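Input: a single structure, listed below in structure tokens.
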Amino acid sequence: PEVRAIAAENHLITAEKKDSQGLCFIGKVRLPDFLQQKLKPKRGDIVEVPANAMHYHNGQPQFKTKTDELAFHSEKPDYKLQDGTVVGEHQGAHYFTIGQRKGLDVGGTKEPLFVIGTDVNSNIIYTGQGKSHPGLYRRTLFIKENEVHWVRPDMALDPDQSLEVMARIRYRQPLQRATLYKVGQGMYVDFDEKQSAITEGQFVAWYIGEELIGSGVIS
Numbered sequence: 097p098e099v100r101a102i103a104a105e106n107h108l109i110t111a112e113k114k115d116s117q118g119l120c121f122i123g124k125v126r127l128p129d130f131l132q133q134k135l136k137p138k139r140g141d142i143v144e145v146p147a148n149a150m151h152y153h154n155g156q157p158q159f160k161t162k163t164d165e166l167a168f169h170s171e172k173p174d175y176k177l178q179d180g181t182v183v184g185e186h187q188g189a190h191y192f193t194i195g196q197r198k199g200l201d202v203g204g205t206k207e208p209l210f211v212i213g214t215d216v217n218s219n220i221i222y223t224g225q226g227k228s229h230p231g232l233y234r235r236t237l238f239i240k241e242n243e244v245h246w247v248r249p250d251m252a253l254d255p256d257q258s259l260e261v262m263a264r265i266r267y268r269q270p271l272q273r274a275t276l277y278k279v280g281q282g283m284y285v286d287f288d289e290k291q292s293a294i295t296e297g298q299f300v301a302w303y304i305g306e307e308l309i310g311s312g313v314i315s
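Note that my numbering has the sequence shown beginning at 97, numbered continuously upward.
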């Protein structure tokens, strides 16, 4: 985080660039390719979850607090095998990420399949048809307390404080309107509009105007 802060202060475009997934000590080899060379393939199911699955139509519950509402909207669907139909096989769920389209090798669908969830323990990949599938979208994400980094410490929030910002979850993504909500265990980033492929382990960055003021690792 310190290196990213220095890069941001000097207006370097790489300040938010995703960490390299290459392995410098073995040459120009992509991490998935390296893992496939070193790890035994583990065959698992590819499950297609329909857009009308009950996960997306549970209605809007009543919330006692704003924190309860944020927690609800930040939760990922807990997919089960019975939520969809097995449409293919893969060689390891750990090779895939949310929003991924390439590498599924499943044909015969009206629209392309996108990864909407992975279960590494059960080695199952959950997919949905089309880039508008509701399983790709969430409006809220959470950052654990020790993963919140402020480039501008003077603007850091205390618990129960909020701040309207512009934010992005991908490198060079157009900035999106969002609100930060600080809680005891970390911080929520609540976007005005749902975002596609919010993925744990990746960075979210927030700005005031064009100034980067903070970032964090998505939980």
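Positions of the beta carbon are idealized from the N, C-alpha and C atoms, including for glycine. These numbers come from a predicted model, not from an experiment.
Within the same chain, and ignoring the five residues on either side of A103 in sequence, the residues whose Cβ sits closer than 7 Å to its Cβ are T110 and A111. As DSSP reads the structure, T214 sits in a beta bridge with I221. Listed in chain order, the beta strand (DSSP E) elements of length 3 or more contained wholly in the segment 171-197 are 181-186.
Y277 and L200 do not touch by the CB rule: their CB atoms are close to 36 Å apart, not below 8 Å.
The C-alpha of Y175 is placed about 14 Å away from the C-alpha of A189.
F299: member of the beta strand (DSSP E) spanning F299 to I304, first to last residue. In the structure shown, L200 adopts coil according to DSSP, grouped into three states.
The distance from the Cβ of K240 to that of Q281 is about 7 Å, consistent with a contact at the 8 Å cut-off.
The three-state secondary structure of L209, taken from DSSP, is strand. C-alpha of Y284 to C-alpha of I194: approximately 20 Å in a straight line. Put simply, the backbone Cα of G203 is about 34 Å away from that of F168.
If you ignore the 5 residues before and after V211, its C-beta comes within less than 8 Å of the C-beta of F192, T193, I194, G195, Q196, R197, L200, I221, Y222 and T223, all in its own chain and listed in chain order. For M251, there is no enclosing beta strand (DSSP E), as DSSP gives it neither H nor E.
Taking all protein chains in view, the Cβ of R273 is surrounded by fewer than 16 other Cβ atoms within 10 Å, so the residue is classified as exposed. T161 and Q257 have their C-alpha atoms roughly 14 Å apart. DSSP places M262 inside the beta strand (DSSP E), whose first and last residues are S258 to R264.
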